[in-house]
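Working notes, structure below.
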Amino acid sequence: MHRRIYIRGLVQGVGFRPFVYRIAMEEGVRGAVGNYTGGVVIDAVFPSEGALDRFLRRVCDERPPVASIDGVEVGQGPQAAAYDTFVISRSKDWDGDVTQVAPDIAVCPECLNDRRTQARRMGYPFINCTHCGPRFSIVRDLPYDRGRTTMSVFGMCDGCREEYETVSDRRFHAQPVACNDCGPAYYALYRGVRISDYGELLGLAAGLLGQGEAIALKGVGGYHLLCDALDGKATAALREIKARDTKPFAVMFRDMETLRAWAAVSKAEEACLDSWRRPIVIVNQLRSLAPSVNPGMKTLGVMLPYMPVHYDLFPMLDTPALVVTSGNRGDMPVAVSEEEAASRIANVALVVHHNREIHNRVDDSVAQVCGTLPCLIRRARGYAPEPLTAGMDTDGALAFGAEEANTFAIGKGDTILQSQHIGDLKNWETFGFYTEAMERFAKLFRFTPRLLACDLHPDYLSSRHAADMSAATGLPLVRVQHHHAHAVACMTEYGLHRPVAAIVMDGSGLGDDGRVWGGEFMLCDRASYRRLSHLEYLPMPGGDRAALEPWRMAAACLYTWGLPFPAGFTARVGRERIERLCRMMERDVCTPLTSSAGRIFDAVASLLGLCDTSSRRAEAPVLLEQAAAGVERPYVLDTEAEAVSFRPVVEAILEDMECGMPVGYISARFHATMAHLIVDKAVSVMEREGVGEVVVSGGCFQNKYLTEMLQEMFASRSIPLYVPSRAPANDGGISVGQLSSAVSRTRTTRME
Ligand code: ZN
Ligand code: ZN
Ligand code: FE
137 MHRRIYIRGL VQGVGFRPFV YRIAMEEGVR GAVGNYTGGV VIDAVFPSEG ALDRFLRRVC
197 DERPPVASID GVEVGQGPQA AAYDTFVISR SKDWDGDVTQ VAPDIAVCPE CLNDRRTQAR
257 RMGYPFINCT HCGPRFSIVR DLPYDRGRTT MSVFGMCDGC REEYETVSDR RFHAQPVACN
317 DCGPAYYALY RGVRISDYGE LLGLAAGLLG QGEAIALKGV GGYHLLCDAL DGKATAALRE
377 IKARDTKPFA VMFRDMETLR AWAAVSKAEE ACLDSWRRPI VIVNQLRSLA PSVNPGMKTL
437 GVMLPYMPVH YDLFPMLDTP ALVVTSGNRG DMPVAVSEEE AASRIANVAL VVHHNREIHN
497 RVDDSVAQVC GTLPCLIRRA RGYAPEPLTA GMDTDGALAF GAEEANTFAI GKGDTILQSQ
557 HIGDLKNWET FGFYTEAMER FAKLFRFTPR LLACDLHPDY LSSRHAADMS AATGLPLVRV
617 QHHHAHAVAC MTEYGLHRPV AAIVMDGSGL GDDGRVWGGE FMLCDRASYR RLSHLEYLPM
677 PGGDRAALEP WRMAAACLYT WGLPFPAGFT ARVGRERIER LCRMMERDVC TPLTSSAGRI
737 FDAVASLLGL CDTSSRRAEA PVLLEQAAAG VERPYVLDTE AEAVSFRPVV EAILEDMECG
797 MPVGYISARF HATMAHLIVD KAVSVMEREG VGEVVVSGGC FQNKYLTEML QEMFASRSIP
857 LYVPSRAPAN DGGISVGQLS SAVSRTRTTR ME
């Protein structure tokens, strides 16, 4: 019997075709395997139904470590082809474009072993195979073939060529295959002398790190800055080099065992850390490193080695941990070339380059585990550009994303390809990265836009870029409300199509009424939404400045509700500044109204004396979360209201402060209040509107304490709760929601 089998998922560029070949040979199946747009297609003749079942079971169960299968579809073969044996056919033999690119993969255990045993690869730092190595970062064009990657400048030696052409070899069609004889190499200029001996470079780098110096090292998707994480002077100096005040540095530990001594890691966190994607994972710290690594924080972003050079450095060092942070200054994109390294990285003792060009800039990813769910905060290396299944035809849609933590997304077939994390577009260099990445995506994935989507906010640089493109091309532009996009991103990730109760707790986004939204209770599907209720509007004196200066929101709450200003607060902030702010609100000067939940977190953090002025984004809510101690009962508030007021909550907080209750207790009660409000609202939307599912999204759900409380509360009520995982809860997920919503809107009627 002749069957055609389509396998969807992450199956290209991960050694899947040779794997299918091996299973087919072992099972005596004749036919062919090749890549197609959605994955891998097998055309084969099976002796019996049982043989087909057995073959499919083995393909699914024994798949290569990095591969994942989203779906298998079995149909009749087109015609009775005469196959004598089983062959791997070239990509162009099948219909359609091949548009999948695997994310970059951490070096695999077999390769780490090969570099101790294979003569040509002794200690080779750029070893890779079909299961591991660079992918997205080196791809220029498709189909994924060595000639279309930045490896094209390296001619394969005879040894590598033979492996590349041998079906049974682990390096069969491993496009970046290389060895000491033929592949990329590290080099550096040190005190006017060029060093290209790897051993010598390692010794020099380790020596400098040991002396408390910072070095730069070119990685997979960009340069890193490294220093000893236990050396206070070195980490403080690195802050100068980075021009970064207090934002925590990520730390790479020698290995998992060492990491366990410094941080509390759950099974799920270990699995995430140890996965081939190797993200930075935010975990609870047990022992302190140098204080300037993560000043004032109880959590630490940790990761494990993922390039051979990382594995080589640690045994030469006394320290168990290195700060490993992006090679850039301030908010600039990570440097990828020698020129960018020269202009963006200064005052380091050594800059180690390599000559494998990075085509697609891709930073380290950041995740945190809520319950057992890995939730991405920054989606980049190891994740981009893996597609999300949209469950509808998205072809030709281009979504421009938000402004901060920007990503964009394109629709290809029935998938959504989200870009790697781009960053804050207000930074000029980052905006350049944005337009460059968009062009590269379009070229790589043979993408021609037919429908554009952006935020409702006309002044976001992404919205302006979209409007410019629409004006220049005449393509339709759909503007999607920010919080609707947050909700739809989560719906899309989980394949939800029917209306859901959506709770979006966020920093800020423009609403339909021209006000700043961010605490929204909605009934929505992908195309449209109804805003059922929201947090009470409060003045936000100074507009965007209020987000950086939480004391402004604290003062706005007290002023609006006529509550007394606590003596401690007035003493810290200064009577004059408070009075000036009150006059601003009185005269309604530069004081937009906001329903943002993030601003409530800000106000409470300031009242509690945790953070009056932020030195970085979301500092106040993070400090408020970290202060929460234990689980406490919520404060009382009217959760039925259409505009939910936190006045009784703030009043009760002032009372608790008056009584000398500890900050940790008050923070825990505040979080419990938010959680109960969310559950109450969700239940009432479900009952009144007859929906069965709850979606939460928005920047506030980066709050792990809150999210885990909700996961438990919803689980105990047996209500399905969807928490953003692969499309970030913060503005990094917005592009997915915009795309999905714009496509749905153009083909369905609006919800009334
Ligand atoms: Zn490998
Ligand atoms: Zn070679
Ligand atoms: Fe947002």
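Numbering (my numbering), first residue to last: 137 to 888. C-beta atoms are modelled at their ideal positions from N, C-alpha and C, and glycine is treated no differently. Every value quoted in this text rests on a predicted model; they were computed, and no experiment measured them.
Classification of residue i by the beta-carbon crowding that lies within 10 angstroms, buried from 16 upward
i	result
Gln554	buried
Ala683	buried
Leu325	exposed
Lys817	buried
Thr896	Nothing can be reported for residue 896, as the shown portion of the chain is limited to 137 through 888.
Pro384	buried
Arg853	exposed
Pro612	exposed
Thr571	exposed
Arg423	exposed
Cys196	exposed
Asn316	buried
Trp564	exposed
Glu656	buried
Gln504	buried
Ala203	buried
Ile870	buried
Ala765	exposed
Val786	buried
Gln617	buried
Asp661	buried
Beta bridge counterpart(s) of residue i as assigned by DSSP
i	result
Ile241	Gly269
Glu656	Val640, His670
Gly547	Ile552
Met452	Met452 is not bridged to any residue.
Val505	Pro510
Ile416	Val502
Gly295	DSSP, once it has assigned bridges, lists no residue as partnering Gly295.
Ile814	Partner(s): none; Ile814 has no beta bridge.
Asp280	Note on residue identity: the sequence assigns Tyr, not Asp, to residue 280. Answer by DSSP bridge pairing: none, since Tyr280 is not bridged.
Ser599	Partner(s): none; Ser599 has no beta bridge.
Met439	Met388
Thr584	In the DSSP output, where bridge partners are listed per residue, Thr584 has none listed.
Gln421	Ala399
Pro675	Leu729
Asn171	Val176
Thr285	Val275
Close beta carbons around residue i, own chain, < 6 Å, minus the five adjacent residues each side
i	result
Pro493	It is Glu, not Pro, that sits at residue 493 in the sequence shown. Excluding residues within five positions, the ones whose Cβ falls inside 6 Å are Thr286.
Arg380	none
Gly507	Glu844, Gln847
Asp792	Ile802
Cys293	Asp317, Cys318
Met822	Ala637
Leu857	Val830, Phe850
Chain-order list of residues whose beta-carbon lies under 8 Å from that of residue i (same chain, five-residue window excluded)
i	result
Phe222	Tyr157, Ala160, Met161, Val165, Arg166, Gly167, Ala168, Val169, Ala180
7 Å CB neighbourhood of residue i in its chain, flanking five on each side removed
i	result
Arg282	Ser288, Gln311
Gly151	Pro200, Thr266, His267
Gly373	Looking at the sequence itself, residue 373 is Ala, so the reference to Gly does not match. Cβ within range, chain order: Ala350.
Ala690	Phe705, Ala739, Ser742, Leu743
Arg465	Lys378, Ala379, Arg480
His601	Phe536
Would you check if there are 3 or more beta carbon pairs closer than 8 Å linking the stretch 347-365 to the stretch 492-499? yes
Between the stretch 700-712 and the stretch 723-731, are three or more C-beta pairs nearer than 8 Å? no
Taking only runs that begin and end inside the stretch 709-792, name each unbroken alpha helix (DSSP H) of 4 or more residues, in chain order. 711-722, 733-743, 755-763
Take every Cβ of the stretch 269-284, pair it with every Cβ of the stretch 570-581, and state whether three or more of those distances are shorter than 8 Å. yes
Which parts of the stretch 818-885 are runs of the alpha helix (DSSP H), unbroken and 4 residues or longer, counting only runs that do not cross its ends? 840-852, 870-881
If you scan the stretch 351-401 from start to end, which runs of the beta strand (DSSP E) of 3 or more residues do you find wholly inside it? 351-354, 359-364, 386-389
Three-pair Cβ contact test at 8 Å for the stretch 858-870 versus the stretch 611-630: yes
Any chance the stretch 640-651 sits against the stretch 826-841, with 3 or more Cβ pairs inside 8 Å? yes
Are the stretch 388-404 and the stretch 431-440 touching by the rule of at least three beta carbon pairs closer than 8 Å? yes
Three or more C-beta pairs under 8 Å: does that hold for the stretch 659-677 against the stretch 760-780? yes
At a cut of 8 Å, does the stretch 442-458 reach the stretch 528-540 through at least three beta carbon pairs? no
How do the stretch 474-491 and the stretch 334-343 stand: do at least 3 beta-carbon pairs fall below 8 Å, yes or no? yes
Taking the runs of the beta strand (DSSP E) that are 3 residues or longer, which of them lie wholly in the stretch 455-505? 457-462, 486-490
Given 8 Å as the limit, is there contact between the stretch 397-416 and the stretch 237-247, that is, 3 or more CB pairs closer than that? yes
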